[in-house]
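Visitor: For the first sequence, my numbering gives the first residue as 2, with consecutive numbering after it. Have a look at this one.
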Amino acid sequence: MQTSRDLYRLSKGCFKTTLYEIRFLTLRSCSRASRFLEFQFRKAQTSLSSLSRCTNIASRRMSILALFMLRVRFAPSPTGFLHIGSARTFIFNWLYARRHGGTMILRIDDTDVERNTEASLQSIYEGLKWLELDWDEEYRQSNRLDLHRASAQQIFAQGLAYRDFTPAAAPAQSDGAWLANPGMRELSAAESDRRAAAGEKYVLRFRVPRESEGGEVAFQDLVYGPQSKTIADLEDFALLRSDGTPTYHLASCADDADLKITHVIRGQDHLSNTFKHLLIFDALGCTRPQFAHLPLLVAPDGAKLSKRRHGPVVSVTTYRDAGLLARAFINFIALLGWSPKDNREQLSRAELVESFSFEGVNRSNAVVNFTEEEPFDPKALWLNSQHMRSMPATDLACYVAQELAHDGIPVPFPDPWLVQAVDLLRARYITLKDFAQRGLPYFTDEVVMDATSLERLTSPARVGLGTLASRLAANPEFTDATVEAALRALAAELGLKPGVLINAARAALTGQAAGPSAFHLFTIIGRDRAISRLRAVAE
RNA sequence: GGCGCUAUCGUCUAACGGUUAGGACAGAGCCCUCUCAAGGCUUAAAUAGGGGUUCGAUUCCCCUUAGCGCUACCA
2 MQTSRDLYRL SKGCFKTTLY EIRFLTLRSC SRASRFLEFQ FRKAQTSLSS LSRCTNIASR
62 RMSILALFML RVRFAPSPTG FLHIGSARTF IFNWLYARRH GGTMILRIDD TDVERNTEAS
122 LQSIYEGLKW LELDWDEEYR QSNRLDLHRA SAQQIFAQGL AYRDFTPAAA PAQSDGAWLA
182 NPGMRELSAA ESDRRAAAGE KYVLRFRVPR ESEGGEVAFQ DLVYGPQSKT IADLEDFALL
242 RSDGTPTYHL ASCADDADLK ITHVIRGQDH LSNTFKHLLI FDALGCTRPQ FAHLPLLVAP
302 DGAKLSKRRH GPVVSVTTYR DAGLLARAFI NFIALLGWSP KDNREQLSRA ELVESFSFEG
362 VNRSNAVVNF TEEEPFDPKA LWLNSQHMRS MPATDLACYV AQELAHDGIP VPFPDPWLVQ
422 AVDLLRARYI TLKDFAQRGL PYFTDEVVMD ATSLERLTSP ARVGLGTLAS RLAANPEFTD
482 ATVEAALRAL AAELGLKPGV LINAARAALT GQAAGPSAFH LFTIIGRDRA ISRLRAVAE
């Protein structure tokens, strides 16, 4: 639960950022804002109870404003499939937005025309769709180039940027310590204008204050705490490329400002970039958003996850295709770098939303534990099995039906029998794939005998199963109880240990030595099918 | 190289300076049992190294080491 201190801290930041816009709400009527908020909250399915904790009117008022003004964004660039690291960034943004009744924005950062692909964009949508996570607004950077250029112009007009006519081909000195192009930085305005007018290509660079002029850039990271850097240590980074398109830094900041983003939640790889971004926000004259950087997801060797080095395990669709439940994946990913601090491991989406806060976010990179042989982190698999076991069987049946349909296995849906079958099987399966693979004898007529099953179908057992088949056929009543009674009675008559016949029965019905209790099995397999399978192995 | 960030069991993590350093996954063992699971119980396993500060450091400070990130007209 949120403490009023959190709320206060949060509201303080947002209050500053959006002072102008919210003036109209400022409070003649707390109750009106409150009603509005309540609506927002309902939308986000969270409760209003945290508010009642703010006793003081001023903080209560600010909380209200902050809460409904909160805006976060997920800004992927469509240059590959949806990476699990990106998915995690989305998830954390989403959790934070939903936790506080804020607005979740999807912004496609596609300023790099060279590398963007439509396929990649589709892969992002596909991944997000699987996660069953939503967003409230959507933008595409390529539609906002005018804004970016205007922002660049605004910075340039203040003398905070300069034109660099150095040809792209000439690489910056490789011996490190590159900060600025002195010749270009000091170029006179007249000379700069003349060359630009003559059509000479240039890169627009930010004029980073040097030793004599600037002190430090500092900010408070919501995860990493106080951050600061000597401004003079920053290089004169590019704002506009020589073809006039904005760089990531410019486009991102201009959009964040324009979209009134209040909290930038992103990977820790942007922590150092934040200093540049702060310079841009300041140059643009807009209020800085708050920042929360997330520790990175890395491979067991400590390297950043990459498709080239680590293969398809870094793509969210791989998890989907392996039969994981979105809820388990989200649960797993959320626990990488974040902890509810109370020893809970399995959390529902609602519990995640309810307990998420930056205080629980760790600062060191998290290893996704996979190997060549075992491509999925064992914990992800375990969480999946836990979710399969604890979710309503009808819900699981829905996913199972989809999975089976995908594999071309016809199955009635919705259907009580399916629900029962799923319920019987789920305690020993760990992914949805298991239903379509190990579950074949339950959902189709295909029975493939495994070696252990064959061993259990001893000659006396086969004789017994033959008799059992006749007896079941003779008795119109067919329930778990009648089957058990018949089986045990028969075992006694034949002088066999019940287990021998029971195990043989399972082998005959499923071809599998491992599986659910034989007595629950018969009714799920069905009377006719069961009898014919018994006869097929009978002697 | 410069700058920044990080450092607890194999992995994910907990421990607002005082705990027998806790939990989970994976491992081992036991119980349960018609098989396999599930479930229950038990077990092994960690504060990177060195200095401070303190009555007392996993915790605060410094150094070393290691890892990661930024250092592009990529994002």
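Note that CB positions come from ideal geometry on N, CA and C, so glycine has one too. Quick caveat: nothing in here was measured; it's all calculated off a predicted structure.
1. Taking buried to mean at least 16 other C-beta atoms within 10 Å of its own C-beta, is residue 144 buried or exposed?
2. What are the start and end residues of each continuous beta strand (DSSP E) run of 3 or more residues lying completely inside the segment 402 to 445, in chain order?
3. Helix, strand or coil: how does DSSP classify residue 227 here?
4. For residue 254, I'd like the list of residues in its chain whose CB is within less than 8 Å of its CB, leaving aside the five on either flank, ordered along the chain.
5. Mind listing, in chain order, the continuous beta strand (DSSP E) runs of no fewer than 3 residues lying wholly within the segment 123 to 175?
6. If you follow the alpha helix (DSSP H) that residue 528 is part of, which residue opens it and which one closes it?
7. Quick one: measure Cβ to Cβ for residue 291 and residue 223, integer angstroms, because I've assumed they're closer than 8 Å.
8. Take residue 184 as the anchor and find which of 165, 199, 169 and 194 has the nearest alpha-carbon.
9. Within 10 Å of its beta-carbon, does residue 356 have 16 or more other beta-carbons around it, so buried, or fewer, so exposed?
10. If you check the beta carbons only, do residue 131 and residue 401 fall under 8 Å apart?
11. Taking Cβ positions, are residue 536 and residue 465 nearer each other than 8 Å?
12. Pick helix, strand or coil for residue 298, following the three-state DSSP scheme.
13. Quick one: residues in its chain with C-beta nearer than 6 Å to the C-beta of residue 228, no 5 flanking neighbours on either side, listed in chain order?
14. Given this structure, state the Cα-to-Cα distance separating residue 300 from residue 459, to the nearest angstrom.
15. May I ask which residues mark the beginning and end of the beta strand (DSSP E) holding residue 392?
16. Across the segment 495 to 507 and the segment 427 to 440, are there enough close Cβ pairs to call them in contact, namely three or more that are closer than 8 Å?
17. Check whether the Cβ atoms of residue 85 and residue 334 lie closer than 8 Å to each other.
18. Can you find at least 3 beta carbon pairs, one from the segment 230 to 249 and one from the segment 187 to 199, that sit closer than 8 Å?
19. Along the chain, where does the alpha helix (DSSP H) that runs through residue 185 open and close?
20. Tell whether a beta-carbon distance below 8 Å holds between residue 97 and residue 262.
21. Should the segment 400 to 420 be called in touch with the segment 334 to 350, which here means at least 3 C-beta pairs below 8 Å?
22. Where DSSP assigns a beta bridge to residue 367, which residues make up the other side?
23. Would you check if there are 3 or more beta carbon pairs closer than 8 Å linking the segment 356 to 375 to the segment 392 to 399?
Guide: So, from the data block:
1. Around the beta carbon of residue 144, fewer than 16 other beta carbons lie within 10 angstroms, which makes this residue exposed.
2. If only complete runs of 3 or more residues are kept, the segment 402 to 445 shows no beta strand (DSSP E) anywhere.
3. Note: residue 227 maps to strand in three-state DSSP.
4. In the same chain as residue 254, and ignoring 5 residues on each side of it, the C-beta atoms closer than 8 Å to its own belong to 152, 278, 281, 282 and 285, in chain order.
5. Runs of the beta strand (DSSP E) inside the segment 123 to 175: 138 to 141 and 162 to 165.
6. Here the alpha helix (DSSP H) through residue 528 covers 528 to 538.
7. Between residue 291 and residue 223 the beta-carbon gap is near 6 Å, inside 8 Å, which marks them as a contact.
8. The candidate whose alpha carbon is nearest that of residue 184 is 165.
9. Label assigned to residue 356: buried.
10. Note that the C-beta distance between residue 131 and residue 401 is not below 8 Å.
11. Contact: no.
12. Here DSSP, grouped into helix, strand and coil, assigns residue 298 to strand.
13. Excluding sequence positions up to five before and after residue 228, its CB lies within less than 6 Å of the CB of 220 and 222, all in the same chain and listed in chain order.
14. CA-to-CA, the gap between residue 300 and residue 459 works out to about 49 Å.
15. Looking at the DSSP string, residue 392 is not in any beta strand (DSSP E), and its letter there is neither H nor E.
16. No, the segment 495 to 507 is not in contact with the segment 427 to 440.
17. Yes.
18. Remark: fewer than three beta-carbon pairs, one from each stretch, lie closer than 8 Å, so the segment 230 to 249 and the segment 187 to 199 are not flagged as touching.
19. Its alpha helix (DSSP H) spans residues 183 to 186.
20. Between residue 97 and residue 262, the C-beta spacing is not below 8 Å.
21. Short answer: they don't touch.
22. According to DSSP, residue 367 bridges with 298.
23. Because the criterion of three Cβ pairs below 8 Å is not met, the segment 356 to 375 and the segment 392 to 399 do not touch.
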